[in-house]
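Colleague: Following this message is one structure expressed as structure tokens.
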Amino acid sequence: MGAQARQSAAVFTTLEAGEAWVRQHSLEGMLTWYPLDLSAYDWAVERGSFRPTTPHHRSAAFLASFSSALQPHHHYEPEDEG
-1 MGAQARQSAA
9 VFTTLEAGEA
19 WVRQHSLEGM
29 LTWYPLDLSA
39 YDWAVERGSF
49 RPTTPHHRSA
59 AFLASFSSAL
69 QPHHHYEPED
79 EG
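For the sequence shown, position 32 matches number 30 in the numbering used here, and the numbering has no gaps at all.
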């Protein structure tokens, strides 16, 4: 996900493939791991790292934008070309 992006630009099956794409294009932003065939919300609830406690926690808007700090993520800045 680019630093100013509102949505992901790509999906990779390995961190190495994602990092290669980031390097190839001198991108900045973040690569975040997501479970396959399971939402980040359901993943966090199933593993016990998030417990919905209010009706808002079950709303469409909340579920659609949910991300867990426990999902592995890596930040990138463009390499200095000077």
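All C-beta atoms in this analysis are idealised placements derived from N, C-alpha and C, irrespective of residue type, glycine included.
It should be emphasised that the depicted structure is a prediction, and the values quoted were computed from it without experimental measurement.
Does Gly16 pass the burial test, meaning 16 or more other C-beta atoms within 10 Å, or should it be called exposed?
Modeller: Here the question's residue 16 lines up with position 18 in the sequence shown. So Gly16 counts as buried.
Colleague: Let me confirm a value: Val9 is counted as buried when at least 16 other C-beta atoms fall within 10 Å, else exposed. Which label applies?
Modeller: Within the sequence shown, the letter at position 11 stands for residue 9. So Val9 ends up on the exposed side.
Colleague: According to DSSP, simplified to helix, strand and coil, what is Leu68?
Modeller: The residue you call residue 68 lines up with position 70 of the sequence shown. Three-state DSSP puts Leu68 in coil, outside helix and strand.
Colleague: If Thr12 sits next to Gln69, beta carbons under 8 angstroms apart, how far is it from one beta carbon to the other, in whole angstroms?
Modeller: For the purposes of this step, residue 12 is identified with residue 14 of the sequence shown, where counting begins at 1. For the purposes of this step, residue 69 is identified with residue 71 of the sequence shown, where counting begins at 1. So it is not a contact: roughly 16 angstroms between Cβ atoms.
Colleague: Let me confirm a value: Leu36 is counted as buried when at least 16 other C-beta atoms fall within 10 Å, else exposed. Which label applies?
Modeller: Looking up residue 36 in the sequence shown gives position 38. Exposed, by the Cβ-count rule.
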